[in-house]
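Peer 1:
In my numbering, the protein residues as written are 7 to 288.
Have a look at this one:
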């Protein structure tokens, strides 16, 4: 066979199990049988690029790469990096209108002017930059606040995009015009219009590689955590462990935001339900 197409590349049940077991062991992502065709289609493209003819040949290459780069590319290929600015707008409305005003008042009274939060699964950066805009808009004119947002992801390619902070015009569509003018700068690249996030946002967002299954070098307490559309990749026992670790990191009164297709139903936890996808540590 001279040139393999994506359709030509076959993934046996045995090879699928090897891949899914390795991915689960490394980063907790649960690739059940229903994901077999997705795994085959996405990794087949990688096989073609690397001129590998079979999955066993490709997996030997992945395991032989001691830098871990090829395994990172494998994980990138299997992860869905769907995101946008102000996705699930109700979370940002809740932050601005309900959560932040009393939090800022409490902190002012105790002379604590630090705001700390975490975007776990930050993808290409739209989520943490949306959080940054919301926080800066809220504290504007209220004195000097020390604001820091930790943004982590397992995808190194997504982190590279996030750090650059440059997005096509359609990607910044959800950003209100006033905020777009204040926090984004328009450029032209090869004749197309792009927007770059300003230094005021980049200065407060810290992007880091993090595998949620490993140690978290994160110092609490945090005021809130966004972990949205991440737990859907994990089985219940892994979700349970993650939720317990989020609880430990949050300050009293801190909030956990989950994705629209996620809930803590069926998971033992101590969070107080506020509204769908929003949970508070009392």
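C-beta: ideal position from N, C-alpha, C; glycine also.
Since we're looking at a predicted model, the values are computed, not measured.
#1: Do residue 262 and residue 285 come within 8 Å of each other at the CB atom, strictly closer than that value?
#2: Ordered along the chain, which non-local residues of its own chain (more than five positions away) have a Cβ less than 8 Å from that of residue 7?
#3: Do you know offhand how far residue 288's Cα is from residue 233's?
#4: Could you check which residue in 95, 29 and 195 has the C-alpha nearest to that of residue 266?
#5: Just verifying my parser: in three-state terms, what is the DSSP assignment at residue 164?
#6: So the candidates are 99, 148, 283 and 126; which of them puts its Cα closest to the Cα of residue 120?
#7: Once you ignore the five residues that flank residue 40 on each side, which residues in its own chain have a CB closer than 8 Å to its CB?
#8: Applying the 10 Å Cβ sphere with the 16-neighbour rule, what's the burial state of residue 235?
#9: Note down the Cα distance separating residue 44 from residue 244, rounded to an integer number of angstroms.
#10: Give me, in chain order, the residues of the same chain whose beta-carbon lies closer than 8 Å to that of residue 29; leave out the 5 immediate sequence neighbours on both sides.
#11: Do residue 102 and residue 144 have their C-beta atoms closer together than 8 Å?
#12: If we count the other Cβ atoms within 10 Å of its Cβ and call it buried at 16 or more, is residue 112 buried or exposed?
#13: Would you decide whether residue 99 is buried or exposed? Buried here means 16 or more other CB atoms lie within 10 Å of its CB.
#14: Kindly identify the DSSP beta-bridge partner or partners of residue 120.
#15: Would a C-beta distance cut-off of 8 Å place residue 136 and residue 92 closer than the cut-off?
#16: Which parts of the region 168-221 are runs of the beta strand (DSSP E), unbroken and 3 residues or longer, counting only runs that do not cross its ends?
#17: Is the beta carbon of residue 158 less than 8 Å from the beta carbon of residue 216?
#18: Between residue 31 and the rest of its own chain, which residues show a CB-CB distance below 6 Å, the 5 nearest in sequence each way excluded?
Peer 2: In short, the structure shows the following:
#1: yes
#2: With a pLDDT of only 41 at residue 7, under 50, the local geometry of the prediction cannot be trusted, and no value is derived from it.
#3: 19 Å
#4: 95
#5: helix
#6: It is 148 whose Cα lies nearest to the Cα of residue 120.
#7: none
#8: buried
#9: 22 Å
#10: 35, 37, 80, 81 and 84
#11: At a Cβ-Cβ threshold of 8 Å, residue 102 and residue 144 count as neighbours.
#12: Per the 10 Å Cβ criterion, exposed.
#13: Burial call: exposed.
#14: 152
#15: yes
#16: 172-174, 190-195, 198-203 and 211-215
#17: yes
#18: If you ignore the 5 residues before and after residue 31, its C-beta comes within less than 6 Å of no other C-beta in its own chain.
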